[in-house]
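Structure first, then comments.
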Amino acid sequence: MLMRIADISVGNGVSIEASASVAAAALHMRDQGVDRLVVVEDGRIVGSLGDREIIIGCISKRRLPSRVLVGDIMSAAAAAAAVTVEADASLQGASLEAL
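All the letters of the sequence shown, read from the start, carry residue numbers 1 to 99 under the numbering used here.
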């Protein structure tokens, strides 16, 4: 029996638009119970945003989260490594696609 992505997945990634404010992102993270968001722009993954980016990009620089855009402080490295697959995809097939 082939294992599917859905068999090992812990849920869908929670996303936010790059044009959203960091304050909105923080509230979304709290409401969804996550510590990292997938950042999207025009339906494409462009990065990720987590606690660390918020602390370094806003708090440590005394910038108001309501005036900073997610796209300005997100980590873009995640976008380069992102591979998306359907939940019904086999684990083996998804692994090969990620290579």
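Note that CB positions come from ideal geometry on N, CA and C, so glycine has one too.
For residue i, the nearest candidate out of the options (CA to CA)
i     : options                       : result
Arg52 : Val68, Ile73 and Gly43        : Ile73
Ala18 : Gly71, Ser95, Ala26 and Leu91 : Gly71
Ala26 : Ser48, Ile8, Asp88 and Leu96  : Ser48
Ala77 : Ile59, Arg67, Ile45 and Ile54 : Ile45
Gly13 : Ala24, Ser21, Ala23 and Gly50 : Gly50
Ser21 : Ile54, Ala89 and Ala94        : Ile54
Ala23 : Ile5, Ala89 and Pro65         : Pro65
For residue j and residue i, the rounded distance between their alpha carbons
i     : j     : result
Thr84 : Arg36 : 17 Å
Leu91 : Arg62 : 44 Å
Leu69 : Glu86 : 30 Å
Ile56 : Val39 : 17 Å
Arg67 : Gly93 : 42 Å
Val34 : Ser15 : 10 Å
Leu96 : Ser75 : 25 Å
Arg30 : Asp42 : 24 Å
Outcome for residue i when other beta-carbon atoms lying within 10 angstroms are tallied against a minimum of 16
i    : result
Met3 : exposed
Met1 : exposed
Residue i - DSSP class collapsed to helix/strand/coil
i     : result
Arg62 : coil
Ser48 : strand
Asp19 : Checking the sequence shown, residue 19 turns out to be Ser, not Asp. Reduced to three states, the DSSP call for Ser19 is coil.
Leu27 : helix
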